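Just so it is clear: in the sequence shown, position 181 is 306 by my numbering, and no numbers are missing. All residues carry an ideal CB built from backbone N, CA and C; glycine is no exception. Just so you know, these numbers come straight off a predicted model, no measurement behind them.
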Amino acid sequence: MTFNDNANIGAGRVSKRGRNTGIAVGGGGVGVIVLFLVSQFLGVDLSGLAVGGTEPAESGSVSNLSECQTGAQANDDVECRVKGAAASLDVFWAEELPARGTEYQQPPVALFTDSVGTACGAATSATGPFYCPPDASIYIDTAFFGDLRTRFGSSGGPLAEMYVVAHEWGHHIQSLEGTLAASQDGQTGAGSNAVRVELQADCFAGAWAGAASDTRDAGGVPFLKPITDAQIQDALSAASAIGDDRIQSSMQGRVNPEAWTHGSSEQRQRWFQTGFTDGTGSCDTFAPADAEL
Ligand SMILES: [Zn+2]
Numbered sequence: 126m127t128f129n130d131n132a133n134i135g136a137g138r139v140s141k142r143g144r145n146t147g148i149a150v151g152g153g154g155v156g157v158i159v160l161f162l163v164s165q166f167l168g169v170d171l172s173g174l175a176v177g178g179t180e181p182a183e184s185g186s187v188s189n190l191s192e193c194q195t196g197a198q199a200n201d202d203v204e205c206r207v208k209g210a211a212a213s214l215d216v217f218w219a220e221e222l223p224a225r226g227t228e229y230q231q232p233p234v235a236l237f238t239d240s241v242g243t244a245c246g247a248a249t250s251a252t253g254p255f256y257c258p259p260d261a262s263i264y265i266d267t268a269f270f271g272d273l274r275t276r277f278g279s280s281g282g283p284l285a286e287m288y289v290v291a292h293e294w295g296h297h298i299q300s301l302e303g304t305l306a307a308s309q310d311g312q313t314g315a316g317s318n319a320v321r322v323e324l325q326a327d328c329f330a331g332a333w334a335g336a337a338s339d340t341r342d343a344g345g346v347p348f349l350k351p352i353t354d355a356q357i358q359d360a361l362s363a364a365s366a367i368g369d370d371r372i373q374s375s376m377q378g379r380v381n382p383e384a385w386t387h388g389s390s391e392q393r394q395r396w397f398q399t400g401f402t403d404g405t406g407s408c409d410t411f412a413p414a415d416a417e418l
């Protein structure tokens, strides 16, 4: 995925948190809150994390990436690229969501290194990218993009990175539409609501990618050039690399569909592609029977 060099990405609201030193994970403080970190990109179970205090324990600096202003910078620099994706996702959903009957609100995006304090509690990079409903914010350690290649064996590439951002954006959309809570029913398995929520976020990411070269900045310049087949393959490779079955077989040596929370490699690729081809109207992952999901 390549930005048009002269696209204006200045509207993307992405902040960068400095390295945290004051995070206390595992209690030691002011009332332990229930962690409500849902639907992180990977199937990491966060329920064992208890967090001291409800205030983000920030101690680092915060920048708003004001140096990132153009598509050319987004092509060169991963942090500017996240900001460019945010600018594009805002424009896309500001049109799309009202057409689906819901008012759009822009989610803050925070880049962090190592650990971050959120309204959901403290999290580390091991969490993977995630969306925190209480502060309606997306959190990403961009080191994860490297993990996608080195740890999960995907082909990498900018569209794969932006798929991650757009997937987390999808959880924000679900939060606004009221469907995100379905993933909190405690069920797992191939047809569970948790999996349906994740596959819908993949479909929403695909829908944005499909419209990305028609999504324009305030001056009418499309943010992105038309996406190439090779770039689509990168996004599908990322979707495949983080399928529950793929991760289970590499970590546990076997596949157990009853424990799935995010969907199989095949499902994640297929729903991304469905959204890419047919738009958000095709993303009702709650309708199909289990066998058709
Ligand atoms: Zn997710």
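Inset, instruction - Look at the alpha carbon of G282 and the alpha carbon of R138, and state the distance between them as a whole number of angstroms. - result: 22 angstroms
Legend entry - Buried versus exposed call for R379 [16 or more other C-beta atoms within 10 Å across all chains shown]: By the 10 Å Cβ count, R379 comes out exposed.
Inset, instruction - State the start and end residues of the unbroken alpha helix (DSSP H) segment that holds L236. - result: Segment 234 to 236 is the beta strand (DSSP E) holding L236; no alpha helix (DSSP H) there.
Legend entry - For F128, three-class secondary structure by DSSP: strand
Inset, instruction - Can you give me the Cβ contacts of R206 inside the same chain, cut-off strictly under 8 angstroms, excluding the 5 residues immediately before and after it? - result: F128, A199, N200, P283, E286, M287
Legend entry - DSSP bridge partner residues for C257 (one or two, in chain order): S262
Inset, instruction - Report the residue from V187, V216, I263 whose alpha carbon sits nearest the alpha carbon of I134. - result: V216
Legend entry - Closest Cα partner of A212 within the set L349, P382, Q309: L349
Legend entry - Where T410 sits in the DSSP three-state scheme: coil
Legend entry - Distance, S390 Cα to Q165 Cα: Because Q165 carries a pLDDT of 46, less than 50, the predicted location of this residue cannot be relied on, and no value is offered for it.
Legend entry - Paired residues, beta bridge with A248 - DSSP: V241
Legend entry - Rounded separation between T304 and A355 - CA only: 33 angstroms
Legend entry - Start and end residues, beta strand (DSSP E) containing K141: 139 to 142
Legend entry - Local conformation of V163 per DSSP, three classes: Low confidence applies here, because V163 scores a pLDDT of 39, under 50, leaving its location unreliable; read the following figure in that light. If DSSP states are grouped into helix, strand and coil, V163 belongs with the strands.
Inset, instruction - Have a look at the DSSP bridge pairing and note the partners of R395. - result: In the DSSP assignment, no residue is bridged to R395.
Inset, instruction - Taking all protein chains shown into account, decide if R276 is buried (16 or more other Cβ within 10 angstroms of its Cβ) or exposed. - result: exposed
Inset, instruction - Would you decide whether T252 is buried or exposed? Buried here means 16 or more other CB atoms lie within 10 Å of its CB. - result: buried
Inset, instruction - Compare the beta carbon distance of E221 and T399 with 9 angstroms and say whether it is the shorter of the two. - result: At least 9 angstroms separates the beta-carbon of E221 from that of T399.
Inset, instruction - Could you tell me whether any non-hydrogen atom of ligand 1 is closer than 8 angstroms to the CB of E323? - result: Here the distance from the Cβ of E323 to the nearest heavy atom of ligand 1 is below 8 angstroms.
Inset, instruction - Let me know the secondary structure DSSP gives S365 once reduced to three states. - result: helix
Inset, instruction - State the DSSP-derived secondary structure class of S390, mapped to helix, strand or coil. - result: helix
Legend entry - Coil, strand or helix - T275 by DSSP: helix
Legend entry - Identity of the residue in E417, Q299, P233 nearest S188 by Cα: P233
Legend entry - Buried versus exposed, by CB contacts within 10 Å (16 or more), M126: buried
Inset, instruction - Please classify T353: does DSSP put it in a helix, a strand, or coil? - result: T353 falls in the coil class under three-state DSSP.
Inset, instruction - Note down the Cα distance separating R341 from T386, rounded to an integer number of angstroms. - result: 35 angstroms
Inset, instruction - Can you tell me which of I352, G388, V320 puts its alpha carbon nearest to the alpha carbon of G331? - result: I352
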